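K.L.:
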Amino acid sequence: MSLSERLHPGINLAGTDPESHEAAEEVLFGFWIFLMSDLVLFAVLFATYAAMSVQGIAEGPRPAEVFDLTAAFVETLLLLFSSFAFGFAMLEMKYRENRRGVLLWLLLTGVLGAAFVGMELHDYYVMITQHAAPPQASGFLSAYYLLTGTHALHVSSGLVWMAIMAVQVAVVGFSTPVKLRLMRLALFWHMLDVVWIGIFTFVYLFGVAS
Amino acid sequence: MSNRIPADMPPSEYEDEGRERRSYVVGLVLALVLTTAAFATVWLDLLSGGAALAALGLLALIQAVVHLRYFLHIDLQRSHRDDLLLILFTVLILLIMVSGTIWILYDQHVRMMP
């Protein structure tokens, strides 16, 4: 059996573990439906932000006055490399079922993700203390904290999920349920990176460029 | 990352792994180039006004497709049509909701101006 028999988007186990591969089809399709409904949540927050960042400035600062593009760029790189590391964790799981290898890649993924959340919290701290830009200052800032905060919460819950999966990999090993959970976490993690593309473009870059 | 080939791994699987690994690397490189281009556009003031926003939006769209293709492995294979249709339908709903919200709120804003 080769990779050509792929049943769903994401890593497919066709060549290495046919049994789990069969079981994965409907589980992963269901998870895609969840991901898309989550995307709807983000889209509505984006729409609110788009309206507020132009018409909801009130007496508060403008986007270009409070955003730090360098920090946004570093955060983008952290999340991108984190997503990339998770891809390699999945390959390690698929082809070698090597616990140590998977755990090391997961650790790298988690550290990069945690650094991302830490930098975002630092951004908030700088904005609130140095730019007088707390969430209650204007509609623009409320929408900004709501959108980026929701994303940061998603990343944080992904980190918790990742820690739980690391324990399961260490204790249970690569049973079919554990593999399927890791595959769903991978999709979740990659999808959060896609949402971040929207945030760094439509929030940070648009805010500074316009 | 060890490069040794396990004794029990058939050659075809090893090739498959090489291909999947390359796919992630290609995705990473493309994403890095697109991200850097987007930030450079703003940092170096390469474009301004509407042209800058259009270019940034286009770069974001391309990067989203790159992530979907190389990290989430979505392509036009027949077995993926269900998932692709799900994604495209969601995108349609998102466009309606986002553009509708922006339009209506903008209209309200204009009417509220003294």
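Just so you know, the sequences run in chain order A and B. Mapped onto my numbering, the consecutive letters of the first sequence carry residue numbers 14 to 223. Mapped onto my numbering, the consecutive letters of the second sequence carry residue numbers -3 to 110. Heads up, the beta-carbon is just placed ideally off N, CA and C, and yes, glycines get one too. From a predicted model like this one, the values you see are computed outputs, not experimental measurements.
(1) Can you look up H21(A) in the DSSP assignment and give me helix, strand or coil?
(2) Is there a Cβ from chain B that is less than 8 angstroms from the Cβ of A102(A)?
(3) So the candidates are A156(A), L48(A), R19(A) and E88(A); which of them puts its Cα closest to the Cα of M65(A)?
(4) Count the C-beta pairs between the segment 16 to 35 of chain B and the segment 52 to 72 of chain B that are closer than 8 angstroms, then say yes if the count reaches three, no if not.
(5) Within the chosen definition, does the segment 159 to 172 of chain A reach the segment 74 to 88 of chain A through at least 3 CB pairs nearer than 8 angstroms?
(6) M196(A) touches chain B at which residues, Cβ-Cβ below 7 angstroms?
(7) Can you pull the chain A neighbours of R17(B), defined as C-beta to C-beta under 9 angstroms?
(8) Give the DSSP-derived three-state secondary structure of Q73(B) in the structure shown.
(9) Could you have a look at I70(A) and say whether DSSP puts it in helix, strand or coil?
(10) Here's a check: name, in chain order, each residue in its chain whose Cβ is nearer than 6 angstroms to the Cβ of F153(A), leaving out the five neighbours to either side.
(11) Report the neighbours of P22(A) on chain B: residues whose CB is nearer than 9 angstroms to its CB, in chain order.
(12) Can you confirm whether S155(A), when its beta carbon is compared against all beta carbons of chain B, has any partner nearer than 8 angstroms?
(13) Could you run through the segment 70 to 88 of chain A and flag, in chain order, every residue whose CB is less than 7 angstroms away from some CB of chain B?
(14) By alpha-carbon positions, which one of A165(A), T29(A), G43(A) and T163(A) ends up nearest to L82(B)?
(15) Look up A146(A) in the DSSP assignment and say whether it is helix, strand or coil.
(16) Could you list the residues in the segment 203 to 222 of chain A with a C-beta less than 9 angstroms from some C-beta on chain B, going in chain order?
(17) Comparing C-alpha positions only, which one of F213(A), W202(A) and M196(A) sits nearest to E39(A)?
(18) Starting from S151(A), trace the alpha helix (DSSP H) both ways and give me its first and last residue.
(19) Under 7 angstroms, CB to CB, which of the residues in the segment 115 to 132 of chain A have a partner in chain B?
(20) Is the beta carbon of Y217(A) closer than 8 angstroms to that of L125(A)?
(21) Can you tell me the Cα-Cα spacing of A48(B) and H21(A), whole angstroms?
(22) Quick test of your reading: L6(A) and F80(A), contact by CB under 8 angstroms. State the CB separation rounded to the nearest angstrom.
(23) Taking the CB atoms as reference points, tell me whether V53(A) and L64(B) lie closer together than 8 angstroms.
(24) Is A165(A) helix, strand or coil by DSSP?
(25) Could you give the first and the last residue of the continuous alpha helix (DSSP H) run that contains Y66(B)?
(26) Which residues in chain A have a C-beta closer than 7 angstroms to the C-beta of L52(B)? List them in chain order.
(27) What's the call for P76(A), buried or exposed, on a 16-neighbour Cβ count within 10 Å?
(28) Tell me, please, whether the CB atom of L88(B) is closer than 8 angstroms to any CB atom in chain A?
P.N.:
This is what the structure gives:
(1) coil
(2) no
(3) A156(A)
(4) yes
(5) no
(6) What M196(A) touches in chain B: nothing, since even the nearest Cβ is about 11 angstroms away.
(7) G100, F101 and L104
(8) coil
(9) coil
(10) M65, S66, G69 and I70
(11) L64, L68, H69, I70, D71, H76, D79, L80 and I83
(12) no
(13) L82 and F86
(14) G43(A)
(15) coil
(16) H203, M204, D206, V207, I210, G211, F213, T214, F215, Y217, L218, F219, V221 and A222
(17) M196(A)
(18) Per DSSP, S151(A) belongs to no alpha helix (DSSP H) and is neither H nor E.
(19) none
(20) no
(21) 37 angstroms
(22) Here chain A has residues from 14 to 223 only, and residue 6(A) is not among them.
(23) no
(24) helix
(25) G45 to Y66
(26) T214, L218, F219 and A222
(27) buried
(28) no
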